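Read in order, the letters of the sequence shown correspond to residues 2 to 226 in our numbering. Just so you know, even glycine gets a beta-carbon here, dropped at the ideal spot from N, CA and C. From a predicted model like this one, the values you see are computed outputs, not experimental measurements.
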Amino acid sequence: MQYEHNPERIYTRSFDIVKSEARLQGLPEEIANVAIRTMHACGMTDLAEHLAFSAGCVESGRQALEAGAPVLCDSVMTATGVIKDGLPAGNAVLSTINDPEVVERARRLANTRSAAAVDLWVPKLDGAVIAIGNAPTALFRLLELLDEGVGRPALILGFPVGFVGAAESKRELATNPRGVPFLTLLGRRGGSAMAAAAVNALCYGTSSARSGRDAQAGKNPKGRR
């Protein structure tokens, strides 16, 4: 079989293809960079047309990371996809879904474990970067907590995926972000890889010449292609 073996050429060519196929006209440069990273993570080059975002959201997220803010993730998959070596301040990347308290909290809330896990973010929410790539109920719960007056995150990256609640939760975020900077992919599509890629875009952008750390980590922290 004939196929490309060189990881640097795979990486560079991949971004070249995304940039050539995606419709990025009219997007601010920093949003286009996030769009390219997310498309690179999932192989779908039409995503840019379905992004919704607030002005200055990327800069808000970058400044928060540079100040040492944690990255709070709805799933272990999302947390695993964040390139830790690229974070500017050794930032903590946390998922509380497997915390022992979550099952009982979910029972009391009469909600999912993903929603209950968000309650455990409350002490760390103020100024944090939020990456939701799996559960619509996590995004809905976050918005409920914001309505209750918890600390405001620096950025919400909303990429929950699925057929029940995904489109609705992202539409609610885009329609009423509760004064929080946000970036989301409208509709059913999303996923942990895209949410993690959006975090990585805050640190790396989309330069086709990888930095030393990015070259080591690649787009997938386990080195798979």
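Select from the options the residue whose C-alpha is nearest the C-alpha of residue i.
i, options, result
"Val130", "Ser61, Thr97, Arg114 and Leu147", "Ser61"
"Leu95", "Met78, Cys58 and Leu110", "Met78"
"Pro161", "Leu146, Leu184, Val151 and Asp100", "Leu184"
"Ala175", "Phe54, Arg106 and Ala68", "Phe54"
"Glu9", "Gln3, Met2 and Asp17", "Asp17"
"Glu31", "Arg63, Ala93 and Ala194", "Arg63"
"Gln26", "Glu105, Leu48 and Arg14", "Leu48"
Using the DSSP secondary-structure output, state which residues sit across from residue i in a beta bridge.
i, result
"Leu156", "Val130"
"Cys74", "Ser96 and Ala132"
"Thr185", "Ala53 and Gly159"
Under 7 Å Cβ to Cβ from residue i, same chain only, skipping five residues before and after it: list those, please.
i, result
"Cys58", "Leu156, Pro182, Phe183 and Leu184"
"Ala38", "Just to set this straight, residue 38 is Arg in the shown sequence, not Ala. Correct list, in chain order: Ala198, Ala199, Asn201, Ala202 and Thr207."
"Thr138", "Asn112, Thr113, Ser115, Ala116 and Gly166"
"Ala70", "Asn92, Gly128, Ala129, Val130 and Ala155"
"Ser193", "Ser76, Met78, Thr79, Gly82, Gly134 and Asn135"
"Arg106", "Ala117 and Asp120"
"Ser172", "It should be pointed out that residue 172 corresponds to Arg in this sequence rather than to Ser. If we look at Arg172 and ignore the five residues flanking it on each side, its Cβ neighbours are Leu187."
Just confirm the distance between the C-beta atoms of residue i and residue j, as a whole number of angstroms; I'd bet it's less than 8 Å.
i, j, result
"Cys204", "Gly128", "That belief does not hold up - the Cβ atoms of Cys204 and Gly128 are roughly 17 Å apart, past 8 Å."
"Ala65", "Met195", "Actually they do not touch by this definition, with Cβ atoms about 20 Å apart."
"Ala36", "Ala56", "In fact, because the Cβ distance is near 16 Å, the residues do not count as touching under 8 Å."
"Asp148", "Leu121", "Actually they are not in contact, since the Cβ atoms of Asp148 and Leu121 sit about 18 Å apart, beyond 8 Å."
"Gly152", "Leu110", "With a Cβ gap of about 20 Å, Gly152 and Leu110 do not count as contacting."
"Leu158", "His51", "Leu158 to His51, Cβ: 15 Å. No contact."
"Leu140", "Ser170", "4 Å"
"Val19", "Met40", "5 Å"
"Glu67", "Ala90", "6 Å"
Please state whether DSSP places residue i in a helix, a strand or coil.
i, result
"Ser55", "coil"
"Phe141", "helix"
"His41", "helix"
"Val19", "helix"
"Tyr12", "helix"
"Leu66", "helix"
"Gly87", "helix"
"Asn34", "helix"
"Gln3", "coil"
"Arg109", "helix"
"Leu1", "Because the chain spans 2 through 226 in this model, residue 1 falls outside it and cannot be assessed."
"Asn201", "helix"
"Val151", "coil"
"Asp120", "helix"
"Gly192", "coil"
"Glu60", "helix"
"Thr176", "helix"
Starting from the C-beta of residue i, find all residues in its chain whose C-beta is less than 8 Å away, skip the five residues before and the five after it, and write them out in chain order.
i, result
"Arg189", "Val162, Gly163, Phe164, Ala167 and Ala168"
"Ile98", "Asp75, Ser76, Val77, Arg114, Ser115 and Ala118"
"Val103", "Thr97, Arg114, Ala117, Ala118 and Leu121"
"Met45", "Arg190"
Leaving out five residues before and five after residue i in sequence, what residues of the same chain have Cβ atoms less than 6 Å from its Cβ?
i, result
"Leu73", "Leu95, Trp122, Ala129 and Ile131"
"Leu143", "Val119"
"Arg226", "In this prediction, Arg226 scores a pLDDT of 28, lower than 50, which makes its location untrustworthy; no coordinate-derived value is stated."
From the beta carbon of residue i, is the nearest beta carbon of chain B less than 7 Å away?
i, result
"Ala118", "In the displayed structure, chain B is absent; only one protein chain is listed."
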